[in-house]
Amino acid sequence: MERISRFISTISPKLISWRRHFHQFPELGWTEYATTYFIGRQLEELGFTLFIGEEALVSKARMGVPDHETLYKAEKRAQEQGVPDEWLHKMRNGHTGLVAKWDTGKEGKHIALRFDIDALPIFENKQKVSGHFPEEEGFASSVPSVMHACGHDGHAAIGLGVANWIAAFQKELTGSFTLLFQPAEEGSRGAKSMLDRGWLKDVDYFFSGHIGIQPLPLGDVVASTNGFLATSKIDVTFTGKSSHAGVEPQEGKNALLAAAATAIHLHTIPRHRDGVTRINVGTLQAGTGRNVIPDLAELTLETRGETSQLNQYMEDEAIRIIESAAAMYDVEVDIRLVGKGVEVVTKDEGEWKPFLERSTEGSHRVLQIHETMPLRASEDVAYMINDVRARGAKATYFIFGTPLAKGHHHPLFDYDERVLEVALDVYASSILSLTLQ
Ligand SMILES: [Zn+2]
Numbered sequence: 000m001e002r003i004s005r006f007i008s009t010i011s012p013k014l015i016s017w018r019r020h021f022h023q024f025p026e027l028g029w030t031e032y033a034t035t036y037f038i039g040r041q042l043e044e045l046g047f048t049l050f051i052g053e054e055a056l057v058s059k060a061r062m063g064v065p066d067h068e069t070l071y072k073a074e075k076r077a078q079e080q081g082v083p084d085e086w087l088h089k090m091r092n093g094h095t096g097l098v099a100k101w102d103t104g105k106e107g108k109h110i111a112l113r114f115d116i117d118a119l120p121i122f123e124n125k126q127k128v129s130g131h132f133p134e135e136e137g138f139a140s141s142v143p144s145v146m147h148a149c150g151h152d153g154h155a156a157i158g159l160g161v162a163n164w165i166a167a168f169q170k171e172l173t174g175s176f177t178l179l180f181q182p183a184e185e186g187s188r189g190a191k192s193m194l195d196r197g198w199l200k201d202v203d204y205f206f207s208g209h210i211g212i213q214p215l216p217l218g219d220v221v222a223s224t225n226g227f228l229a230t231s232k233i234d235v236t237f238t239g240k241s242s243h244a245g246v247e248p249q250e251g252k253n254a255l256l257a258a259a260a261t262a263i264h265l266h267t268i269p270r271h272r273d274g275v276t277r278i279n280v281g282t283l284q285a286g287t288g289r290n291v292i293p294d295l296a297e298l299t300l301e302t303r304g305e306t307s308q309l310n311q312y313m314e315d316e317a318i319r320i321i322e323s324a325a326a327m328y329d330v331e332v333d334i335r336l337v338g339k340g341v342e343v344v345t346k347d348e349g350e351w352k353p354f355l356e357r358s359t360e361g362s363h364r365v366l367q368i369h370e371t372m373p374l375r376a377s378e379d380v381a382y383m384i385n386d387v388r389a390r391g392a393k394a395t396y397f398i399f400g401t402p403l404a405k406g407h408h409h410p411l412f413d414y415d416e417r418v419l420e421v422a423l424d425v426y427a428s429s430i431l432s433l434t435l436q
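Dropping the structure here:
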């Protein structure tokens with residue numbers, strides 16, 4: 000425990016500098032070219048075996064991959080940021096993220112850890128509110144409208160910390176380790192494609208986690224998180240017919256009205272007796288000019304439910320409403336499912352608190368351990384957790400408490416960077432206690 004503690008103190012400035020680097024250069028899901036390279040280059044130096052691009056994930060299991068033009072631009076940008084062609088070639092067309100393996104050569108458990116690495120389409124501190132820590136410290140996002148506003152910059156840094164720790168403690172450790180640096184968590188798009196590659200089929204233990212989420216102080220850790228919401232992410236395009244709004248409005252087919260009616264009516268889906276449901280229309284873009292009947296409208300929306308059945312109820316209702324609105328305004332509609340997440344199947348919930356108490360005994364970073372709390376959000380890691388649990392292996396998802404400047408997905412989101420040390424402590428201690436058993 001003391002050696003873990005000393006190691007964390009030594010690496011702490013690096014954890015912070017990695018976090019700030021990721022924060023300053025955020026990348027959206029399936030365009031994490033520079034992020035993947037930054038992580039991969041270091042893991043390679045440490046001696047991990049890397050799997051990049053289609054070696055790491057099943058291409059066709061990816062969801063919500065951006066169009067070719069977006070990917071091409073992102074690849075160009077990454078090239079300008081110094082990502083070598085050899086790496087870009089492997090990641091081409093949105094095959095970002097990587098898997099790193101370490102085999103101690105000694106008999107023991109196979110432990111997998113997953114870290115998500117993508118950012119959000121949010122403009123950081125647009126109104127320039129003073130007191131925003133990343134701004135004041137000079138590491139605010141350098142990319143307009145892209146921001147690490149959920150803490151995945153921290154998750155990526157923690158992952159690098161774990162990798163460094165495994166390399167440093169290799170003599171003491173047994174078994175093997177698989178680190179998954181997952182792209183496109185936002186929108187529940189990436190986890191399934193990595194899972195489908197088979198990385199978890201023989202793991203004994205699987206760990207992942209999130210900083211923040213629950214209003215917990217620094218040093219508090221939730222040992223086993225439940226209450227993941229199943230979710231569907233849906234893109235809708237209404238195509239009508241434009242015409243002169245003054246001369247022959249009767250000739251037009253109004254896509255904007257179909258989208259507007261859809262947005263309003265989606266929010267009137269009745270709540271369900273059996274549990275929590277959510278719906279949100281996040282964006283609506285339509286029309287080309289004041290005097291033109293709008294022939295194109297695009298909506299992005301999501302549904303959620305406490306269970307997959309409840310989410311399916313929301314999704315089915317949503318699709319019925321979208322199709323009905325299209326019929327009402329006599330426009331074409333294209334509905335695309337661009338992301339999907341499931342609820343987490345709970346299992347062994349009571350085991351993790353005592354496990355973590357034993358593992359982190361004597362730590363001055365982990366101060367209080369909670370048995371379980373609900374996530375109340377969606378996390379596509381649920382696919383991985385459920386898969387591991389279904390095979391009888393062990394999986395858990397931690398929450399690492401930290402004060403938050405503003406909530407997740409807010410343009411002023413920020414957290415206490417000391418939470419990086421807490422999370423590294425939890426992962427390192429957990430691994431050590433399992434490999435010493
Ligand atoms: Zn997140």
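According to numbering that gives the first Met the number 0, the sequence shown is numbered sequentially starting from 0. Every residue, glycine too, gets a C-beta built ideally from N, C-alpha and C.
Beta-carbon contacts of residue i that lie in its chain and below 7 angstroms, excluding the five residues immediately before and after
i, result
"A156", "L14, W17, R18, F21, L419"
"S242", "P248, E250, G251, I292"
"T434", "G107, K108, L172, T173, G174"
"G46", "A166"
"D415", "L217, T401, P402"
"L256", "Y328"
Residue nearest to residue i in terms of C-alpha spacing, selected from the options
i, options, result
"A389", "T9, L199, T230", "L199"
"K75", "G349, E31, V57", "E31"
"Y382", "Q23, L87, R188", "R188"
"F176", "R113, I7, E247", "R113"
"S307", "P133, G211, R335, V341", "V341"
"A262", "A244, T302, G400", "T302"
"E305", "V344, K127, L179", "V344"
"A208", "D424, E79, D234", "It is worth fixing the name first, because residue 208 is Gly in this sequence and not Ala. For the residues D424, E79, D234, the minimum Cα distance to G208 belongs to D424."
"D152", "I38, R335, M327, T69", "I38"
"E54", "G96, D273, T34", "G96"
"L366", "G137, H131, K108, V220", "V220"
"Y204", "K405, E416, I7, Y396", "Y396"
"G160", "S432, V421, L433", "V421"
"Y222", "E370, E1, R375", "According to the sequence displayed, residue 222 carries Ala and not Tyr. With distances taken between Cα atoms, A222 lies closest to E370."
"T173", "S231, T48, I165", "I165"
"T69", "G52, P12, G93", "G93"
"T48", "K100, S432, G186", "K100"
"I320", "K170, K339, G338, L300", "L300"
"T224", "H407, G406, G400", "G400"
"I430", "F168, I51, R277", "F168"
"G218", "S362, H266, R2, I318", "S362"
"A427", "N290, P214, E360", "E360"
"L265", "D315, R2, R61, N385", "D315"
"A60", "L194, S144, G104", "L194"
"I318", "A258, G186, E135, S144", "A258"
"F132", "R417, S432, F412", "F412"
Neighbourhood of residue i by C-beta, 6 angstroms cutoff - its chain only, sequence neighbours within 5 removed
i, result
"K459", "Given that the chain is displayed from residue 0 to residue 436, the structure contains no residue 459 and the question cannot be resolved."
"H147", "H22, P25, A118"
"E437", "Limits of the chain in this structure are 0 at one end and 436 at the other, which puts residue 437 out of reach."
"Q284", "E297"
"A183", "G28, W29, D117, G189"
"K105", "T173"
"F138", "R19, H22, Q23"
For residue i, three-class secondary structure by DSSP
i, result
"N310", "helix"
"T238", "strand"
"A244", "coil"
"N163", "helix"
"K339", "strand"
"F6", "helix"
"R19", "helix"
"D84", "helix"
"G46", "coil"
"M146", "strand"
"Q169", "coil"
"L298", "strand"
"I121", "coil"
"T103", "coil"
"D472", "Since the first residue shown for the chain is 0 and the last is 436, residue 472 is missing from the structure and cannot be characterised."
"E350", "helix"
"A139", "coil"
"H109", "strand"
"R289", "coil"
"E31", "coil"
"Q284", "strand"
"L56", "coil"
Neighbourhood of residue i by C-beta, 8 angstroms cutoff - its chain only, sequence neighbours within 5 removed
i, result
"T238", "A254, D294, L295, V330, E331, V332, D333"
Only counting runs of 3 or more residues, tell me where the beta strand (DSSP E) segments fall wholly within the segment 353-426, in order along the chain. As far as the segment 353-426 is concerned, its whole beta strand (DSSP E) runs of at least 3 residues are 367-373, 393-399.
Within the segment 173-236, note down every full alpha helix (DSSP H) run reaching 4 residues or more, in order along the chain. Listed in chain order, the complete alpha helix (DSSP H) runs (minimum 4 residues) inside the segment 173-236 are 190-194.
Pick out the complete alpha helix (DSSP H) segments inside the segment 250-281, 4 residues or longer, and give them in chain order. Those alpha helix (DSSP H) runs which fall completely within the segment 250-281 and span 4+ residues are 254-265.
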